[in-house]
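Asks:
Protein chains: 2
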Amino acid sequence: MKIISSIEDMKNEMREFRCQNKTKGFVPTMGYLHEGHLSLVRECVKKSDYSVVSIFVNPAQFGPGEDFEDYPRDFQRDSEILRNEGVDCLFYPSNEEMYPQGYKTYVQVYDLKNKLCGRSRPHHFTGVCTVVLKLFHIVNPHQAFFGQKDFQQAVILKRMIRDLNLDVNLRVLPIVREEGGLAVSSRNTYLTPEQRKAALRLYQSLQEAQRMVDQGERKSQNIIQIMKKNIESEPEAQIDYIKIVDTENLDPLSELNQDALVALAVFIGKVRLIDNTIIKPEG
Amino acid sequence: MKIISSIEDMKNEMREFRCQNKTKGFVPTMGYLHEGHLSLVRECVKKSDYSVVSIFVNPAQFGPGEDFEDYPRDFQRDSEILRNEGVDCLFYPSNEEMYPQGYKTYVQVYDLKNKLCGRSRPHHFTGVCTVVLKLFHIVNPHQAFFGQKDFQQAVILKRMIRDLNLDVNLRVLPIVREEGGLAVSSRNTYLTPEQRKAALRLYQSLQEAQRMVDQGERKSQNIIQIMKKNIESEPEAQIDYIKIVDTENLDPLSELNQDALVALAVFIGKVRLIDNTIIKPEG
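Chains U and G are the protein sequences, given in the same order.
Take any residue in the first sequence, note its place counting from 1, add 1378, and you have its number in this note's numbering.
Take any residue in the second sequence, note its place counting from 1, add 1378, and you have its number in this note's numbering.
So, in structure tokens, the structure goes:
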């Protein structure tokens, strides 16, 4: 596995693959790899002739007071994992390489960026779109792999790709869960054993939503109320949002008569966790 | 010359050239071609193995109340001109093709977009950056040609190219002037013969600035004052701005001890005209 940290070197490396009839797959990450990332990496390696993973903790997608400084990092471990998975190239740029002095350009997907997580993280998706567009220009992949856990991110990036006429096929893979159902996340390392137990409420409430729909409930308001109750009975938990929305434009749905995204963000102590599920009501 | 109006067709056409060892040149225009455009087109044809021109009156770069509807258009004449110049491919998309329903993505180069022309046209450069980025993704050129008349546009696009890690060499060619010195512009067609005479004041005042610097004047304030007087003595003219700024960050310079951009925007009747010159003080 090649490890490259300069953009120029990366572009030169990537150029060779443009003109051969080979598919290039890409998994952008912020490192501290877990089973969620690995499900993306494995699919990428399997479905591409050449696979690229990036590790870059992107400062532009963290707000003031968020955990940019504390975000967990372990490059040695990450690079060994990726080597063992058969990844061909690891891109590992510095902040100065990605955002040199005088950097001024940002990409925004209007209105989608302000919904769900965008309400409490107003600059987050601008940072995500900007860094992903830069990485796409540098890596020039045919396909890129993202996790369903960041569902809003995937919706926004798909819109960006379409709007800006990029040639990248964005693939979204299912959420990977620990035993008990907690969605795996680099931020789970922040949790105490007790908080980790409290965090199970996120998935439990999503299961509850699915059960209610299976039993015929269609009113979003009723489903959200039960989910809320379930989570609020846990003293460590504080709800940021629980929403039931359209899977494409992320607008709230008052009734579940179509495929719907049930999404939530909950603080467990100081740790903000997200989770979601897509519910396809029958009949 | 091929004429293509679908993005998909254009991308397929362009793909063939990626992998041959040939340079592709690109001139994006809003049509109604004049000698200014033609200087870009000729350089592009001369310096590229394959030359692409686009004609698209980009609604996103016009503000409310500006001249999007009235902007002059003559596709028959334009396409004949380009054919005669030896252009290989003309891209001529519709608004719906470029901004389909649900379009949401915009690119901005912060702070540069609010200077000079950005003060009276707050969304203009967002529209320019967005359409140029889309066109770059569609055409995928090695080099693109722009005119110095839109100096701020060139500065902003260069910044965008660098920031977003694009592989396009942006070439800026000198302003083409009519006899008497008026910078050629599609908007000159709006002028009455009398207004056209009044419009000569723009270039005359730039020449005056150059003369003052040649004679040793270095204070921007003094130069701007004389330029202002020169233009204001013409009753048809109303100044939007006259500025002397750094050629890269567009910040005002109080003294001309380095290369400086002298730029101005002036309304002649209802027609807003821009012009500029770069002054390199000696010693």
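By construction, the Cβ of each residue, glycine as well, lies at the ideal position given by its N, Cα and C atoms.
All figures in this text were calculated on a predicted structure; none of them were measured in a lab.
1) Is it right to say residue 1483 of chain G is buried, meaning 16 or more other beta carbons lie within 10 angstroms of its own, or is it exposed?
2) What is the DSSP secondary structure of residue 1436 of chain G, counted as helix, strand or coil?
3) Just how far apart, CA to CA, sit residue 1600 of chain G and residue 1445 of chain G?
4) Let me confirm a value: residue 1473 of chain G is counted as buried when at least 16 other C-beta atoms fall within 10 Å, else exposed. Which label applies?
5) Helix or strand or just coil, what does DSSP make of residue 1467 of chain U?
6) Distance, Cα to Cα, residue 1449 of chain G vs residue 1505 of chain G?
7) Quick one: give me the first and last residue of the beta strand (DSSP E) that residue 1380 of chain U is part of.
8) Within 8 Å of any Cβ in chain U, is that where the Cβ of residue 1428 of chain G sits?
9) Pull the bridge partners of residue 1529 of chain G from the DSSP assignment, please.
10) Taking just the CA atoms, how far does residue 1404 of chain U sit from residue 1415 of chain U?
11) Tell me the start and end of each unbroken beta strand (DSSP E) in the region 1502-1528 of chain U that is at least 3 residues and wholly inside, in chain order.
12) Tell me which residues of the region 1525-1557 of chain G have at least one Cβ-Cβ distance to chain U shorter than 8 Å, keeping chain order.
13) For residue 1486 of chain U, go through chain G and note every residue whose CB falls closer than 9 Å to its CB, in chain order.
14) Identify, in the order they occur along the chain, each residue of the same chain with its Cβ nearer than 6 Å to the Cβ of residue 1665 of chain G, setting aside the five sequence neighbours on each side.
15) Nearest to residue 1543 of chain U by alpha carbon, out of G/1524, G/1478, G/1512, G/1548?
16) Relative to chain U, which residues along the region 1503-1528 of chain G have a C-beta separation below 7 Å, given in chain order?
17) Is it the case that the Cβ atoms of residue 1548 of chain G and residue 1535 of chain G are separated by a distance below 8 Å?
18) Please classify residue 1537 of chain G: is it buried, with 16 or more other beta-carbons within 10 angstroms of its beta-carbon, or exposed?
19) Cα separation between residue 1540 of chain U and residue 1521 of chain U?
20) Can you name, in chain order, every residue of its own chain whose Cβ lies under 6 Å from the Cβ of residue 1412 of chain G, other than the five neighbours on each side?
21) Identify which residue in U/1647, U/1567, U/1583 has its Cα closest to the Cα of residue 1622 of chain U.
22) What does DSSP give as the partner residues of residue 1669 of chain G in its beta bridges?
23) Beta-carbon separation of residue 1480 of chain G and residue 1423 of chain G under 8 Å?
24) Only counting the same chain, and skipping five residues up and downstream in sequence, which positions put a Cβ closer than 7 Å to that of residue 1631 of chain G?
25) Which two residues bound the contiguous alpha helix (DSSP H) that contains residue 1403 of chain U?
26) Compare the beta carbon distance of residue 1643 of chain U and residue 1650 of chain U with 8 Å and say whether it is the shorter of the two.
27) Run through chain U and tell me which residues come within less than 8 Å of residue 1490 of chain G, C-beta to C-beta.
28) Would residue 1628 of chain G and residue 1490 of chain G qualify as a contact pair, given that the criterion is a beta-carbon distance under 8 Å?
29) Which residues in chain U sit within 9 Å of residue 1385 of chain G, going by Cβ to Cβ distance?
30) Please name the residue, chosen from U/1440, U/1467, U/1611, U/1460, that lies closest to residue 1390 of chain U on a Cα-to-Cα basis.
31) Do you know how far the Cα of residue 1510 of chain G is from the Cα of residue 1386 of chain G?
32) Which same chain residues, not among the five before or five after residue 1603 of chain G, have their C-beta less than 7 Å away from its C-beta?
Replies: Answer, in terms of the structure:
1) Flag for residue 1483 of chain G reads buried.
2) Correct three-state label for residue 1436 of chain G: coil.
3) The straight-line gap from Cα to Cα measures roughly 34 Å.
4) By the neighbour-count rule (16 or more Cβ atoms within 10 Å), residue 1473 of chain G is not buried but exposed.
5) Here residue 1467 of chain U sits in strand by DSSP.
6) Distance between the alpha carbons of residue 1449 of chain G and residue 1505 of chain G is about 16 Å.
7) Going by DSSP, residue 1380 of chain U is part of the beta strand (DSSP E) stretching over 1380-1382.
8) Residue contact check for residue 1428 of chain G against chain U: no CB pair falls below 8 Å.
9) Residue pairing by DSSP places residue 1529 of chain G opposite no residue, since no beta bridge is assigned to it.
10) When only Cα atoms are considered, residue 1415 of chain U and residue 1404 of chain U end up about 12 Å apart.
11) Segments of the beta strand (DSSP E) lying fully in the region 1502-1528 of chain U: 1521-1525.
12) Here the close residues are 1537, 1538, 1541, 1542, 1543, 1544, 1545.
13) Result: 1482, 1483, 1484, 1485, 1486.
14) Nothing in the structure corresponds to residue 1665 of chain G, since chain G is present only between 1379 and 1661.
15) The residue among G/1524, G/1478, G/1512, G/1548 with its C-alpha nearest the C-alpha of residue 1543 of chain U is G/1512.
16) Cβ contacts with chain U: 1511, 1512, 1515, 1516.
17) Yes; because the gap between Cβ atoms is below 8 Å, this pair is in contact.
18) Burial state of residue 1537 of chain G is buried, judged by a 10 Å Cβ sphere holding 16 or more other Cβ atoms.
19) Here the alpha carbon of residue 1540 of chain U sits roughly 14 Å from the alpha carbon of residue 1521 of chain U.
20) Excluding sequence neighbours, residue 1412 of chain G sits near 1562.
21) In this structure, U/1583 is the residue among U/1647, U/1567, U/1583 with its C-alpha nearest to the C-alpha of residue 1622 of chain U.
22) Because chain G in this structure spans residues 1379 to 1661, residue 1669 of chain G falls outside the shown range and cannot be described.
23) No. Outside cutoff.
24) So the list reads 1598, 1622, 1623, 1624, 1638, once near-sequence residues are dropped.
25) Following the DSSP letters along the chain, one finds residue 1403 of chain U in no alpha helix (DSSP H) but inside the beta strand (DSSP E) bounded by residues 1402-1407.
26) Contact flag set, yes.
27) The contacting residues are 1482.
28) Cβ distance < 8 Å, so residue 1628 of chain G and residue 1490 of chain G count as in contact.
29) Ordered by position in chain U, the residues that pass the 9 Å Cβ test against residue 1385 of chain G are 1543.
30) The shortest CA-to-CA distance from residue 1390 of chain U to any of U/1440, U/1467, U/1611, U/1460 is the one to U/1467.
31) Rounded to the nearest angstrom, the two C-alpha atoms are 17 Å apart.
32) Around residue 1603 of chain G: no qualifying Cβ.
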